[in-house]
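Okay, so here's the structure we're looking at.
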Amino acid sequence: MSKYLLDKFLFTVDRDPELTERYREDPAGTVTWWEAEMANTVLNCIPAEKTTWLAFTDDERRALAEHDHVALFQMGAHPFLTLTLFIALFERDHGPMEYQRAYGKAMEHISMPYPDIAT
Amino acid sequence: MAELAAVIASTHHPFYYRASTATGADRPPFADEWVAKIEAFRETLTRAEPDVLVMVGSDHFHQLWLDNMPQFLIGKAPFFDANFHNEEREFGLPKMTLRGEEDLAAHLLRDGLDRDFDLAFSNELRIDHSITCPIITLRPQADLPIVPVYTNIFAPPLPQPKRFVQLGRAIREMVESWESDKRVAVIGTGHLSLELGGPRQFGEHGPDPEFDRKAVEWIASGDIEGCLAEVSLESLHHPGNATHGFMDFMLMMGVAGEGAKADHVDTLDLFHTMEAYFTWYPNGVPSGSGVSA
Numbered sequence: 719m720s721k722y723l724l725d726k727f728l729f730t731v732d733r734d735p736e737l738t739e740r741y742r743e744d745p746a747g748t749v750t751w752w753e754a755e756m757a758n759t760v761l762n763c764i765p766a767e768k769t770t771w772l773a774f775t776d777d778e779r780r781a782l783a784e785h786d787h788v789a790l791f792q793m794g795a796h797p798f799l800t801l802t803l804f805i806a807l808f809e810r811d812h813g814p815m816e817y818q819r820a821y822g823k824a825m826e827h828i829s830m831p832y833p834d835i836a837t
Numbered sequence: 003m004a005e006l007a008a009v010i011a012s013t014h015h016p017f018y019y020r021a022s023t024a025t026g027a028d029r030p031p032f033a034d035e036w037v038a039k040i041e042a043f044r045e046t047l048t049r050a051e052p053d054v055l056v057m058v059g060s061d062h063f064h065q066l067w068l069d070n071m072p073q074f075l076i077g078k079a080p081f082f083d084a085n086f087h088n089e090e091r092e093f094g095l096p097k098m099t100l101r102g103e104e105d106l107a108a109h110l111l112r113d114g115l116d117r118d119f120d121l122a123f124s125n126e127l128r129i130d131h132s133i134t135c136p137i138i139t140l141r142p143q144a145d146l147p148i149v150p151v152y153t154n155i156f157a158p159p160l161p162q163p164k165r166f167v168q169l170g171r172a173i174r175e176m177v178e179s180w181e182s183d184k185r186v187a188v189i190g191t192g193h194l195s196l197e198l199g200g201p202r203q204f205g206e207h208g209p210d211p212e213f214d215r216k217a218v219e220w221i222a223s224g225d226i227e228g229c230l231a232e233v234s235l236e237s238l239h240h241p242g243n244a245t246h247g248f249m250d251f252m253l254m255m256g257v258a259g260e261g262a263k264a265d266h267v268d269t270l271d272l273f274h275t276m277e278a279y280f281t282w283y284p285n286g287v288p289s290g291s292g293v294s295a
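Have a look at this one:
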């Protein structure tokens, strides 16, 4: 399991408006492309200097491909990254604060202590 | 030597800019009260007549990332551009450029290292809403040079709460030993109880009003020892999953000093979170000040 790689996906997709839209419209295809092309890019190195070992587990790939923010939380993905990106993806389809409240309500069965987010 | 003109601690609420500038049907019902409290708070900085602002905040995974994460970082650059795409997208925050005070930044780095704080530094730092929110609320003309001080309250493993207090104490001593005739205000922002991306987010008030009440009392009375006795990295998970931002308030308590009673205290209970505003005048309340203790 790689909380770091989940966070890296959320971080890089959130900060790039084109990637955010692509992930909204085609989540499974975006996750497949991202894992093949982006997962092993060191963000402040040239493309040739790639990491050789980062990959998602099947569960991580599925959670991202299904826009499953509850599963991401339970896996220990950083909640701020997930929330910020998912607001960008879905707030537009809802009334004021409606999406944010539904996002929390979908997790109401989760009790303390929350999953560890340390990477 | 430089004079510490004011110490200011505040929450940083990214929705203030949009709420305070909204008109008509878009203006939330709590906006007028919020603006009134912010304007009173702003006056406490204006009265201090600062020349330079040391701004304590925390990058929210904007420029600083998990492949290279500093615990404490000083920005040393002639300018700081500010706010990121996702802050514009979600909060409507404007792009900004602030001047830097490189001489003070260099002093804090050299003196801080010599005091055993292994400070990271950045010569090209784009700052985010943890610093621009208090600029917008306290100094909207954004005309003063700043020294950003970033802390890691966000990406565990985090430094211990006592380390934030120690750094705050050191920042005060270092500001007061800066060879300058400038008046310096130290402004830091954090959170009271807060939940982001978890089941308790966006409730009718902050996730733990009892923690908020105690936190305001610790800060307002300068009760550092009482606060340190109850607050740990573990305990801060309970009031809400983003409550480690309270450690930036603890840093500011360190700047203000043990037992230092704040000269201005105000709070505002909003949905999702409680706002809290504190000002100390280490060298006495400026004459003509209307601040309320």
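Going down the list, the sequences are from chains A and B.
My numbering numbers the first residue of the first sequence as 719 and each following residue consecutively.
My numbering numbers the first residue of the second sequence as 3 and each following residue consecutively.
Glycine included, C-beta positions come from ideal geometry on N, C-alpha and C.
Since the structure is predicted, the reported quantities are computational estimates derived from the model, not experimental observations.
**Proximal residues to residue 228 of chain B (C-beta, below 8 Å), its chain only, five neighbours per side dropped** = 220
**Message:** Does the CB of residue 797 of chain A have a neighbour CB from chain B at under 9 Å?
**Reply:** yes
**Prompt:** In its own chain, which residues sit with a C-beta less than 8 Å from the C-beta of residue 164 of chain B, not counting the 5 before and 5 after it?
**Reply:** 230
**Request:** Could you tell me which of B:253, B:60, B:261 sits nearest to residue 172 of chain B, measuring between CA atoms?
**Result:** B:253
**Asked** residue 2 of chain B to residue 268 of chain B, Cα distance in whole Å?
**Response** Because chain B here runs from 3 to 295, residue 2 of chain B falls outside it and cannot be looked at.
**Prompt:** By a C-beta neighbour count over all protein chains shown, 10 Å radius and 16 as the cutoff for buried, is residue 295 of chain B buried or exposed?
**Reply:** Confidence at residue 295 of chain B is low in this model, with a pLDDT of 47, below 50, so the placement of that residue should be treated as unreliable; the coordinate-derived value is given next. It is exposed - the Cβ of residue 295 of chain B has fewer than 16 other Cβ atoms within 10 Å.
**Prompt:** Over what stretch of residues does the alpha helix (DSSP H) that includes residue 141 of chain B continue unbroken?
**Reply:** Careful: residue 141 of chain B lies outside any alpha helix (DSSP H) and carries neither H nor E.
**Reference residue 122 of chain B, options B:132, B:130, B:133, B:110, closest by Cα** = B:110
**Request:** Please confirm if residue 831 of chain A has its CB atom under 9 Å from at least one CB of chain B.
**Result:** yes
**Item:** Residues within the segment 191-203 of chain B neighbouring chain A, beta-carbon criterion of under 9 Å
**Value:** 197, 198, 199, 200, 201, 202, 203
**Request:** Please confirm if residue 251 of chain B has its CB atom under 9 Å from at least one CB of chain A.
**Result:** no
**Prompt:** Are residue 242 of chain B and residue 801 of chain A close, meaning C-beta to C-beta below 9 Å?
**Reply:** no
**Message:** Quick check on the DSSP output: the beta strand (DSSP E) that includes residue 830 of chain A runs from which residue to which?
**Reply:** No beta strand (DSSP E) contains residue 830 of chain A, which DSSP labels as neither H nor E.
**Asked** If we ignore side chains and look at the alpha-carbon of each, how far apart do residue 25 of chain B and residue 745 of chain A end up?
**Response** 37 Å
**Request:** Return yes when the Cβ of residue 807 of chain A is within less than 9 Å of the Cβ of residue 733 of chain A, no when it is not.
**Result:** no
**Prompt:** Taking 9 Å as the CB-CB limit, is residue 768 of chain A close to chain B?
**Reply:** no
**Asked** Nearest-angstrom Cα distance between residue 283 of chain B and residue 781 of chain A?
**Response** 51 Å
**Asked** Roughly how many whole angstroms lie between the Cα atoms of residue 834 of chain A and residue 788 of chain A?
**Response** 14 Å
**Message:** Just to make sure I have the definition right: I need the residues of chain A whose C-beta is within less than 7 Å of the C-beta of residue 241 of chain B. Which are they?
**Reply:** Neighbours of residue 241 of chain B on chain A: none; closest Cβ ~11 Å, over 7 Å.
**Prompt:** Using DSSP with H/G/I as helix, E/B as strand and the rest coil, what is residue 295 of chain B?
**Reply:** With a pLDDT of only 47 at residue 295 of chain B, under the threshold of 50, the placement of this residue in the model should not be trusted; the figure read from the coordinates follows. Coil at residue 295 of chain B, not helix or strand.
**Prompt:** If you draw a straight line from the alpha carbon of residue 145 of chain B to that of residue 100 of chain B, how long is it in whole angstroms?
**Reply:** 7 Å
**Request:** Please decide whether residue 82 of chain B counts as near chain A, where near means a Cβ-Cβ distance under 9 Å.
**Result:** no
**Item:** Whole-angstrom distance between residue 822 of chain A and residue 816 of chain A, CA atom to CA atom
**Value:** 10 Å
**Message:** Does residue 36 of chain B come out as helix, strand or coil in the three-state DSSP assignment?
**Reply:** helix
**Asked** Which partner residues of residue 270 of chain B appear in the DSSP bridge assignment?
**Response** B:277
**Item:** Environment of residue 89 of chain B [buried if 16+ CB atoms lie within 10 Å]
**Value:** buried
**Message:** Taking the alpha-carbon of residue 57 of chain B as reference, which of B:186, B:46, B:37 has the nearest alpha-carbon?
**Reply:** B:186
**Request:** Could you spell out the range, first to last residue, of the beta strand (DSSP E) harbouring residue 124 of chain B?
**Result:** 122-124
**Asked** Using DSSP with H/G/I as helix, E/B as strand and the rest coil, what is residue 195 of chain B?
**Response** coil
**Asked** To the nearest angstrom, how far is it from the Cα of residue 275 of chain B to the Cα of residue 824 of chain A?
**Response** 20 Å
**Request:** Taking residue 748 of chain A as the query, report the chain B residues whose CB atoms sit under 7 Å from its CB, ordered along the chain.
**Result:** Those do not exist, as residue 748 of chain A stays about 17 Å from chain B at its closest Cβ, beyond 7 Å.
**Prompt:** Looking at residue 189 of chain B and residue 47 of chain B, is the spacing between their C-beta atoms short of 9 Å?
**Reply:** yes
**Three-state secondary structure assigned by DSSP to residue 12 of chain B** = strand
**Message:** Looking at the strands, I want to know which residues DSSP matches up with residue 100 of chain B.
**Reply:** B:82
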